[in-house]
Amino acid sequence: MRVRRLRKEAAHLEITAFINLIVVLVPFLLSTAVFTRLSVLDVSLPAQNSGVEQLKAEDLKLEVVIRPESLEVGDRIGGLIQSIPNVASVRTAAGTPTAAGPDVKALSSLMVQIKAKFPDKTDSTLLAEPNTSYDTLVQVMDAMREAQTVAGNKVTRAELFPNISIGDAPTSVPSAASAPSKPK
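Number 87 in the working numbering belongs to position 85 of the sequence shown; there are no gaps in the numbering.
This is the structure:
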């Protein structure tokens, strides 16, 4: 009886299908990738020891509260400084509508006035309601952080209140005019 020996053949690795997949997949993924630029804003939390006994009457504790209908600029000690109503949606000269939202130009000019009275102050607090959009939050933070003035072809940036703490807005109390009257 003849003994048959199996011939051992070298194993072949079939990678052509994998190479075809990579050749198609890599350009597709590169063409659909989204390249974004991320910027990080330093945010400081309120200090643990900021009690009432440490507050001074002449010390400014600037707070900006974002409400659905307005921006409320105030002092934690002195109360409301000014309420800035939101800008309504209007059409520009080109006919394109502008988005309704907070009046950041009025906020910026008010921040410049406050900075003139308190030039050494750099910290402030931004309080937002839970339904506040991220875009609104960033616009208000930018208006609080620096002011831009244009003189001719030159843009000048002035630092206002760069140390911004973020928190939740307190619930708004309806005013006497908007509160429902009791029947007599």
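We treat Cβ as the ideally placed atom computed from N, Cα and C, and that holds for glycine.
One Cα belongs to glutamate 131, the other to glutamate 65, and the distance between them is close to 13 angstroms. Partner residues in the beta bridge of valine 66, as assigned by DSSP, are Val75, Leu128.
If you draw a straight line from the Cα of leucine 73 to the Cα of aspartate 105, it comes to about 8 angstroms.
Residues Val66, Leu73, Val75, Ile86, Val142, Ala145, Met146 of the same chain have their beta carbon placed closer than 8 angstroms to that of leucine 109, with the five preceding and five following residues left out of the count.
Straight through space, the alpha carbons of threonine 127 and glycine 80 are spaced by roughly 15 angstroms. Straight through space, the alpha carbons of alanine 102 and glutamate 148 are spaced by roughly 22 angstroms.
Here valine 89 has Thr100, Ala102, Gly103, Pro104, Asp105 as same chain residues with Cβ atoms under 8 angstroms from its own Cβ, once five neighbours each way along the sequence are excluded. In this structure, the alpha-carbon of glycine 154 lies about 43 angstroms from that of leucine 32. Judged by their CB atoms, leucine 62 and phenylalanine 120 are nearer to each other than the 7 angstroms cut-off. Burial state of leucine 8 is exposed, judged by a 10 Å Cβ sphere holding fewer than 16 other Cβ atoms. Taking a 10 Å sphere around the C-beta of threonine 158, we find fewer than 16 other C-beta atoms and assign the residue as exposed. A Cβ-Cβ distance of about 24 angstroms is found for the pair alanine 160 and leucine 129, leaving them out of contact under the 8 angstroms criterion. In this structure, the straight-line span from the alpha carbon of methionine 113 to that of alanine 35 is close to 40 angstroms.
With contacts defined as CB atoms closer than 7 angstroms, aspartate 125 and asparagine 165 qualify as a contacting pair. Distance between isoleucine 24 and alanine 13, taken at the CA atoms: about 23 angstroms.
In this structure lysine 107 is not in contact with leucine 162, their Cβ atoms being roughly 14 angstroms apart against a cut-off of 8 angstroms.
Isoleucine 68 places its beta carbon 7 angstroms or farther from that of threonine 173. DSSP places asparagine 165 inside the beta strand (DSSP E), whose first and last residues are 165 to 170.
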